[in-house]
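Colleague: Quick note, the sequences are listed as chains A and B, same order. Last residue of the first sequence: 718 (the numbering used here), numbering continuous. Last residue of the second sequence: 1436 (the numbering used here), numbering continuous. Below you'll find the structure I mean.
2 protein chains.
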Amino acid sequence: MSDPLELFFNPKGVAIIGASTNPLKLSHGVVRNLKNCGYQGPIYPINPKGDEILGLKVYPTILGVPDPIELAVIMIPAPYVPATLEECGQRGIKAVIVITGGFREAGADGAAEELQLKEIADRYGMRLIGPNCVGVMDTHLPLDTTFITAMPRPGHIGFVSHSGAICGGTTDWAREVSVGYSRIVSLGNQLDVDIADGIRMMQSDPHTHVISIYAEGLPDGRRFVEAALPVFRDKPIVMLKAGLTSSGTRAVASHTGALAGDEQAYLAACHRAGVIAVDSLQEQNDLAIALATQPLPRGNRVAILTNAGGPAALAADELDRGGLLMANLETETIEKLKTATPRGAQLANPVDMLGGPRAEMYKTAGGILLEDPNVDMLMAIFVPQAITPIDEVVANIVMSSADTSSADAAPAEAGKPVVCCLVGGESITEAARFLNENGVPFYQDPNRAARALCGLLRYAELRVRQDLTPQPIEDVHAETARAALKGAWQKTGAGFLDAETSAAVAAAYGIVVPGSGLARTAGEAIDLAEALGYPLAMKLIAADVIHKADVGGVVLNLQDAAAVRESFETMVGTASVGAQTDRHADTRRVMLQQMAPSGQEVILGAQRDTQFGPVLMFGMGGIFVEVLNDVAFRLAPLSAYDAEQMVMETAAGQIMKGVRGQPPRDIGMVIDTLRRIGQLVDDFPCISELDINPLIVLEDGKGVSAVDIRIAITEPPR
Amino acid sequence: MSDPLELFFNPKGVAIIGASTNPLKLSHGVVRNLKNCGYQGPIYPINPKGDEILGLKVYPTILGVPDPIELAVIMIPAPYVPATLEECGQRGIKAVIVITGGFREAGADGAAEELQLKEIADRYGMRLIGPNCVGVMDTHLPLDTTFITAMPRPGHIGFVSHSGAICGGTTDWAREVSVGYSRIVSLGNQLDVDIADGIRMMQSDPHTHVISIYAEGLPDGRRFVEAALPVFRDKPIVMLKAGLTSSGTRAVASHTGALAGDEQAYLAACHRAGVIAVDSLQEQNDLAIALATQPLPRGNRVAILTNAGGPAALAADELDRGGLLMANLETETIEKLKTATPRGAQLANPVDMLGGPRAEMYKTAGGILLEDPNVDMLMAIFVPQAITPIDEVVANIVMSSADTSSADAAPAEAGKPVVCCLVGGESITEAARFLNENGVPFYQDPNRAARALCGLLRYAELRVRQDLTPQPIEDVHAETARAALKGAWQKTGAGFLDAETSAAVAAAYGIVVPGSGLARTAGEAIDLAEALGYPLAMKLIAADVIHKADVGGVVLNLQDAAAVRESFETMVGTASVGAQTDRHADTRRVMLQQMAPSGQEVILGAQRDTQFGPVLMFGMGGIFVEVLNDVAFRLAPLSAYDAEQMVMETAAGQIMKGVRGQPPRDIGMVIDTLRRIGQLVDDFPCISELDINPLIVLEDGKGVSAVDIRIAITEPPR
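Structure representation (structure tokens):
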């Protein structure tokens, strides 16, 4: 076995270190589960007291265990874990699960002990899951190293969870509704094996059709993106992350010490990685079931077959909100449906068979709808009533879908997706299980069934989306930018660069800044003004003046030499250079800058996120910034395609196309500027913040002008 | 019993017309349910064949049934219903449920037969539920006139449903999770008893704490608003309406023939009526459970008590999205929690007791949290695991909430709301039932529990909101407006009024329009211009010119008499008056209008909705209209308070407050104008459409100017 991560699922021999003879102890539960699940290799309980557990010989130490032995599960108190891990290394074991808690999550001492574990694992070349986890399951092998009551039935959802409790809850739920899982991994503190590794574990598993992730923190966000990117077209990745809002972050931080990231940066990372972000466990499971069992839709047109109009209308409303359409049935389809449905049935879509259809009509009418070339997906709805037996109904729904999907077929194969909504409670429990067991996803609520179809289409679109790999921009002068940044660091250290240096750094990356220069005297200012041309803006450059506008430090629209002189004197003072009364006066200069013609104002920015690195922002400028929240975010750097998408998903982008008689704006240059910023902040990790506010966007073909640029650095450029 | 609607729930004697001796027939099921549910009055099965059903004597006709008899349930084929209804009238019965379908929903003939039923019912003063329904339930009396398997347990949710299938599905679900209901009414085609009556039936029932409505159509939307308004402060009304989107409307229309309304008008009606609109059955039930059993929160601060951090973080994220806060616990609370939780527990909020709390800690710690004055609501979360028995956990959660809420207490009494989330499936089923039975709402998903708390707060705020009753505006000249509208109707009939008449109608209602006048000749134009003052706009008024701007029919910024003459001649032609070559030329005139100073542009409008009457619209004007969708809707007319809320919920309103150095605008006059439009369209139902686009809003105190007004009428004013 070449991939050491595979040893966690398919080991030749498993040791359970800390196994107890007491059936009430969790460590006993692990031995019982591993033995009962059907695992075929040898199981070695380890306990200094020796004895026997469930007929298995107990070894006093891992060092004395015979071959083959490839996986150790450690469940002893935290203080004893390091020495035992050392022994596992000596014994040549390459895969270790540390279920024991009380490390990082217990405070500083625990965190230090955790680092010790990492050192030992690295020294022996061991991969380590945990600590503070519940282990792993593989339903197909089978293998169960957890103390969770029992595994779900074998299926096609691979679940990667930060939290052991969520693994337990999900498993419990899956057994109730008979949803199948392939592998379940509880990562705990992610000391070594992390979510990125979790994705790879699922990628390599042929039984896994969809990767479902529950995360609390993503300390290395870029590693996650790199792990997901090569996978998402083969296997959809659905991810739920707790701690996105400030309240949620506080909740996560208090219990695992995980660093929760900024929500916008996380969503930008999911976008880049091709990961579908969801907001709740329910939404995650609802979508995973559909993705695990259904082929992908080839279009957005849905047919609904129902015995009650109300739930169909609710589903139609939700489909509409998600951008899906009710299919227009072909005349031929409607003709065929006439003989396949009860008299009086409504044959428009939704096809409402009213109160009393025969069960087999769900198969016949369902099949007719699936054959219609205008239908891309089918939703079957049944509200239990006295006349039609529900077990027969669901059997027929499964038959109608049998030609087009199969529980064992990989997603995205031929066929059309079919989902089923049963409205009820008591009466539907068994039928719901039957549906899930036979490859038709069950939903108790029409809106949830509709959202699952929306999710299928969203993934189908994501799967064929254009490649987002950023293309490097060639015509940038990194050395010029580096020199400017280095100079700024030497002069003022961390913080914002002055306007002149910011503009120079941006210009080095080909960002269009208005022509400008510096002047120390009125005479210099006039010479410079004549060279730049009018109209001009004058800005005071002085270390002691932060809010320029407040002290009359910005004057706009200077039209001639006289105006330049007058403004210079007002701003700097006639006798200021070398004046003894003002200790800052000798550092005072003015910047003269060409005025940009008027145009649409937009904002471009970049921020460095602790987890995901540089994140770009684009949105509407001017008075609307604070009120509208019209902004889009992406990870930097950006491909041209992604930059265009980013701009066009904002109202600012739509307006730039030219609405209500306004001229179209130079969107191409906005995209270019965004990409140049992206490359700049990616090339220089010392830049913590960058803002262009505003970028003036002129008419199409006439370019842009970055009127005001602010750049902050936190360290010298490398 | 003074209220005839009460006869449906508390009749002295019930006849079931069409009762069958065949146990497989639905009509037999109704007799069985009524007999088995515990109904105490006499039950009279009616069937021409006579015989006996379940030991009850079968009467051949309703006319022969002895007293007391107050309710008839009709389940015979549609063609026989009218004659039977006539007999019910003769027998003196005042309440009739027609379960039989095949009327309006079956086409034009059915619709005609349905009207016949209405005529008969009205003639005898009978109230009629249905046709095409499943009847009613009262779990407390008890009474069950449906053929649905069984009633839910007695509780406090009153359910009014257009659809019988949804009644069946909801009942089935309620039994599974042991959620209590007070009354359930299936309205069917709403021939007589409609949703407004349904609200009154629940209002008068002391067991009903929350009114839950499922609607497909609201033919008389204003009647619904009037029914809900006097009720919503006493009993929350949660409403789900199918068919809000175009897809959903089509789905509803095809199966019941209900007219589905425009979504914005519906939401405006819910706003006025104090009704909480929800989007799915799940959301409806989740919120109804909480409202039926919990006291209302006095603030927005939530404490979470959990044995797993992940679900707590998910809940915290969802609370944050809904505008709720995680409570800051008092130091004293944290001190107390130290002894009430396991060692190592995280005592910040959420209070995470980690893997192995003792069950009674949910009571003790829960009680401590509820005592904290900074805590307004409590969410208890439990993920089942091996150590802590779930039945004991939920018993303790119920005990912690016992002091503050009770299943039998009316909402809004003293105490703090408590909800519970159990994450799992198999292991939680019994515990979930126990929670619901003991007055603590259960949710399987942390996000759903969080949204329920958000819903409780939303209702608490709704309950105390300011009265929205529109105050009539006195200084309007209805007769002036009427005369103008009448003149326009006589001249051009249905359609848009000309600019001059529109402005006159608006001015009659005190809407500020720029000074203007009409001129037929260049000389008249110059005289008028001198009187109005410059700058002026000139608009061509001609029956044959619709798009004025396209034919040079609008000229702006005329600064003097020469400009007026030149524009007039370009627009109308020097020799046009009376010219033989142009048959429209003699009707051509120009309107001269004062130019409004520049200011913020907003749009105000009104549309007449078929179900809800006049609906007002307000939003941002200019180039942003199409891109931003920044609009608010309300029913007309409007109170000053509601008009202000309407304006301030848009970005346009926020910007008018004065952002980024812009001056504050005259919001007061915008509100005034909105209210005047509201009164105008309410006073004149002949107005089908009204638009002011744009209304120029000047700086605060300087007023507004309705530059362009369009009014359409469909009939003469009454």
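Note that CB positions come from ideal geometry on N, CA and C, so glycine has one too.
Could you check what DSSP says for Phe103(A) in three-state terms: helix, strand or coil?
Modeller: coil
Colleague: Determine the DSSP secondary structure at Ser1316(B), reduced to helix, strand or coil.
Modeller: DSSP places Ser1316(B) in the coil class of the three-state scheme, outside both helix and strand.
Colleague: Output needed in chain order: residues of the region 436-460 of chain A with a Cβ under 8 Å from some Cβ in chain B.
Modeller: For the region 436-460 of chain A, which is checked against every Cβ of chain B, the residues closer than 8 Å are Gln444, Asp445, Pro446, Asn447 and Arg448.
Colleague: Going by DSSP, which residues form a beta bridge with Thr1024(B)?
Modeller: When DSSP reads this structure, Thr1024(B) sits in a beta bridge with Asp1070(B) and Ile1099(B).
Colleague: Suppose only complete runs of 4+ residues qualify. What are the alpha helix (DSSP H) ranges in the region 1189-1268 of chain B, listed by chain order?
Modeller: Qualifying alpha helix (DSSP H) stretches, in chain order: 1196-1210, 1217-1226 and 1240-1250.
Colleague: Select from the region 683-713 of chain A all residues with a C-beta closer than 7 Å to any C-beta belonging to chain B, and list them in chain order.
Modeller: Residues of the region 683-713 of chain A whose Cβ lies closer than 7 Å to any Cβ of chain B: none.
Colleague: With a cut-off of 9 Å, does the C-beta of Val375(A) fall near any C-beta of chain B?
Modeller: no
Colleague: Grouping DSSP H, G and I as helix and E and B as strand, with all else coil, what is Met1364(B)?
Modeller: helix
Colleague: By DSSP's criteria, Gly1337(B) is part of a beta bridge. Which residues make up the other side?
Modeller: Ile1321(B) and Val1349(B)
Colleague: For Leu742(B), count the other beta carbons within 10 Å of its own beta carbon; 16 or more makes it buried, fewer makes it exposed. Which is it?
Modeller: exposed
Colleague: Is the shortest distance between the beta-carbon of Phe624(A) and the beta-carbons of chain B less than 9 Å?
Modeller: yes
Colleague: Run through chain B and tell me which residues come within less than 7 Å of Ser186(A), C-beta to C-beta.
Modeller: Under the 7 Å cutoff, chain B gives no residues; its nearest Cβ is about 11 Å from Ser186(A).
Colleague: Identify which residue in Arg153(A), Arg104(A), Thr139(A) and Ala112(A) has its Cα closest to the Cα of Gly130(A).
Modeller: Arg104(A)
Colleague: Is it buried or exposed, Gly876(B), if we count other Cβ atoms within 10 angstroms and call 16 or more buried?
Modeller: buried
Colleague: Taking a contact to mean a Cβ-Cβ separation below 9 Å, would you say Val799(B) touches Leu835(B) in this structure?
Modeller: yes
Colleague: Check whether chain B comes within 9 Å of Pro4(A), counting only Cβ atoms and requiring the distance to be less than that.
Modeller: no
Colleague: Under 6 Å Cβ to Cβ from Val1295(B), same chain only, skipping five residues before and after it: list those, please.
Modeller: Note that Val1295(B) scores 43 on pLDDT, short of 50, meaning its location in the model is unreliable; the coordinates nonetheless yield the value given after this. Within the same chain, Val1295(B) has no close Cβ partners at all.
Colleague: What are the residues of the region 158-175 of chain A that lie near chain B, defined by any Cβ-Cβ distance shorter than 9 Å?
Modeller: Those would be Ser161, His162, Ser163, Gly164, Ala165, Ile166, Gly168, Gly169, Thr170, Thr171, Asp172, Trp173, Ala174 and Arg175, in chain order.
Colleague: Considering only residues of the region 140-207 of chain A, which uninterrupted beta strand (DSSP E) runs meet the minimum length of 3 residues and lie entirely inside it, listed in chain order?
Modeller: Listed in chain order, the complete beta strand (DSSP E) runs (minimum 3 residues) inside the region 140-207 of chain A are 154-161 and 181-186.
Colleague: I'd like the span of the beta strand (DSSP E) that includes Pro763(B), first residue to last.
Modeller: Ile761 to Ile764
Colleague: Roughly how many angstroms lie between the CA atoms of Val1290(B) and Val1308(B), to the nearest whole one?
Modeller: Near 8 Å, if we compare the C-alpha coordinates of Val1308(B) and Val1290(B).
Colleague: For the region 271-318 of chain A, which segments carrying the alpha helix (DSSP H) assignment without a break, of at least 4 residues, lie completely within its bounds, in sequence order?
Modeller: 281-293
Colleague: Taking the C-alpha atoms as reference points, what is the distance between Val554(A) and Gln264(A)?
Modeller: Each residue's Cα considered, the two are about 34 Å apart.
Colleague: State the Cα-Cα distance for the pair Ala228(A) and Arg222(A), rounded to the nearest angstrom.
Modeller: Their backbone Cα atoms lie some 10 Å apart in a straight line.
Colleague: What is the DSSP secondary structure of Arg845(B), counted as helix, strand or coil?
Modeller: Strand.
Colleague: Just checking my contact of Ser705(B) with Val956(B) at CB under 8 Å: how many whole Å lie between their CB atoms?
Modeller: Nothing about residue 705(B) can be reported from this structure: the residues present for chain B run from 719 to 1436 only.
Colleague: Could you check the C-alpha separation between Ser965(B) and Leu305(A) for me, to the nearest Å?
Modeller: 15 Å
Colleague: Does Phe147(A) get closer than 9 Å to chain B when you measure Cβ to Cβ?
Modeller: yes
Colleague: Contact criterion: CB-CB distance below 9 Å. Does Asp391(A) meet it with respect to chain B?
Modeller: no
Colleague: Using the beta-carbon count (16 or more within 10 Å), is Glu1053(B) buried or exposed?
Modeller: Glu1053(B) comes out exposed.
Colleague: Which residues in chain B sit within 8 Å of Pro384(A), going by Cβ to Cβ distance?
Modeller: Gly886, Gly887 and Asp890
Colleague: Just to confirm, are Glu360(A) and Glu392(A) a CB contact at a threshold of 9 Å?
Modeller: The answer is yes: Cβ separation under 9 Å.
Colleague: If you reduce the DSSP assignment to three classes, tell me which class Ile787(B) lands in.
Modeller: Coil, per DSSP.
Colleague: Please report the straight-line C-alpha distance between Gly523(A) and Val512(A), rounded to a whole angstrom.
Modeller: 27 Å
Colleague: In chain order, what residues of the same chain lie with their CB nearer than 6 Å to the CB of Ser738(B), ignoring the 5 residues before and after it?
Modeller: Same-chain partners within the cutoff: Ser745 and His746.
Colleague: Go ahead and label Gly64(A) buried or exposed: buried means 16 or more other beta carbons lie within 10 angstroms of its beta carbon, across all protein chains shown.
Modeller: exposed
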